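Numbering follows our numbering, in which position 54 of the sequence shown is assigned residue number 101; successive positions increment by one, without gaps.
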Amino acid sequence: MSARSSFDWWFRNRRTGRITLGQAPNLPIRIFAATTAVGVLVPRGRVRTAAAELAVGVLAWWAVDEIVRGVNPYRRMWGAAALGALAFLALGTRRR
Numbered sequence: 048m049s050a051r052s053s054f055d056w057w058f059r060n061r062r063t064g065r066i067t068l069g070q071a072p073n074l075p076i077r078i079f080a081a082t083t084a085v086g087v088l089v090p091r092g093r094v095r096t097a098a099a100e101l102a103v104g105v106l107a108w109w110a111v112d113e114i115v116r117g118v119n120p121y122r123r124m125w126g127a128a129a130l131g132a133l134a135f136l137a138l139g140t141r142r143r
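So this is what it looks like as structure tokens:
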């Protein structure tokens, strides 16, 4: 496989045929950003805990959505990496 065809395979949008490296933030990423900001601004308490749990949930939602509906393998890979990182962190948290 040539470098050009490899690049096309990884980054070519399967719907539009254009190269897609990034996209405008979708709903789960916007919610993740907002809940993460709340978690940073509220140092402790139930609001911070709820924001952190919601942030993890919407990040998992985004990751699964990218794996299933990502426009190219590059986007699907990022979804799989995020889901794998969440699983790794969840397993590490349970061992304590």
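Every residue, glycine too, gets a C-beta built ideally from N, C-alpha and C. Computed from a prediction, not measured in an experiment: that's the story for all the values here.
Query                                                                                                                               : Result
Could you say if the region 65-80 and the region 116-134 meet the contact criterion of at least three C-beta pairs nearer than 8 Å? : yes
Using only the alpha-carbon positions, how far apart do Trp57 and Ala80 sit?                                                        : 27 Å
Please name the residue, chosen from Gly131, Phe135, Pro90, Gly126, that lies closest to Pro75 on a Cα-to-Cα basis.                 : Gly126
Can you tell me whether Arg62 is helix, strand or coil according to DSSP?                                                           : coil
Which stretch, first to last residue, makes up the alpha helix (DSSP H) that contains Ala84?                                        : 74-88
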